[in-house]
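A.B. asks: Please find one structure pasted underneath; my questions will follow.
Numbering (the numbering used here), first residue to last: 6 to 223.
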């Protein structure tokens with residue numbers, strides 16, 4: 006389905022999401038595998054590993070992917086939910102068409118009003134699963150970058166509280182650091198089940214960790 010733009014974000018209001026600093030290995034094994042298998046980014050193997058370990062994605066689900074460009078997570082998720090499922094991807098960058106069950110929008114993921122209008126446009130009030138592989142633009146200062154990551158994660162958590170089913174699951178990437186334990190402590194008060202996971206496809210020196218949250222407390 007073609008990209009649907011609800012409104013144009015002004016340049017000064019845009020939030021830049023860029024990968025966290027990791028040692029660059031040109032054309033590493035994950036990138037080579039992604040190319041061979043037709044995925045748009047190596048990061049898809051992070052989601053595949055999480056799904057294989059924790060059985061996150063199920064047929065027929067409605068899934069919201071926050072910060073979805075370039076679309077590798079959308080590609081995998083679309084296949085797993087099947088034709089009866091629905092995948093909605095949001096990003097500040099336009100995403101090329103993927104599949105009939107994937108709907109992408111140019112949007113600021115911190116704009117809750119916009120997210121609500123997008124979901125309503127797709128006849129959706131609540132989703133079964135929220136995915137977020139977002140990372141903030143980095144400064145090179147570890148504590149500052151980790152704080153930015155937590156701030157962005159809190160925006161994802163706000164979306165989950167508003168638009169995820171009570172029985173739903175949220176998978177989010179967080180940069181570990183001084184504020185991570187407090188972030189995790191708060192989430193354990195809000196969710197019935199909280200797990201963390203590291204994945205093989207993360208770069209060797211990466212501080213990223215995935216938090217899997219299931220079942221919101223009423």
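Virtual Cβ for every residue (Gly too), placed ideally from N, Cα, C. Fair warning: this is a prediction, and the values are worked out from it, not measured in the lab.
State yes or no: is the C-beta of residue 53 within less than 9 Å of the C-beta of residue 73?
C.D. replies: In this structure, residue 73 does not lie closer than 9 Å to residue 53 by Cβ.
A.B. asks: What alpha helix (DSSP H) runs, 4 residues minimum, are completely inside the region 137-197?
C.D. replies: For the region 137-197, whole alpha helix (DSSP H) runs of length 4 or above, ordered along the chain, are 147-168, 185-195.
A.B. asks: Along the beta strand (DSSP E) that carries residue 213, what are the first and last residues, could you check?
C.D. replies: Residues 213-221.
A.B. asks: Using beta-carbon positions only, say whether residue 121 and residue 167 come within less than 9 Å of one another.
C.D. replies: In this structure, residue 167 lies closer than 9 Å to residue 121 by Cβ.
A.B. asks: To the nearest angstrom, how far is the alpha carbon of residue 26 from that of residue 45?
C.D. replies: The predicted model places residue 26 with a pLDDT of 39, which falls under 50 and marks its position as unreliable; any figure quoted below should be read in that light. Using only the alpha carbons, I get a separation of about 20 Å.
A.B. asks: Cα-Cα, which of 142, 81, 199, 94 is closest to residue 42?
C.D. replies: Minimum Cα distance to residue 42 is reached at 81.
A.B. asks: Taking the alpha carbon of residue 221 as the point to measure from, which residue in 174, 185, 204, 60 has its own alpha carbon closest?
C.D. replies: With distances taken between Cα atoms, residue 221 lies closest to 174.
A.B. asks: Given this structure, state the Cα-to-Cα distance separating residue 223 from residue 217, to the nearest angstrom.
C.D. replies: About 18 Å.
A.B. asks: How is the alpha helix (DSSP H) around residue 297 delimited, first residue to last?
C.D. replies: Past the edges of the chain, shown from 6 to 223, lies residue 297, and the structure says nothing about it.
A.B. asks: Evaluate contact between the region 134-143 and the region 186-196, counting only Cβ atoms and requiring at least three cross-stretch pairs below 8 Å.
C.D. replies: With the cut-off at 8 Å, the region 134-143 and the region 186-196 do not touch.
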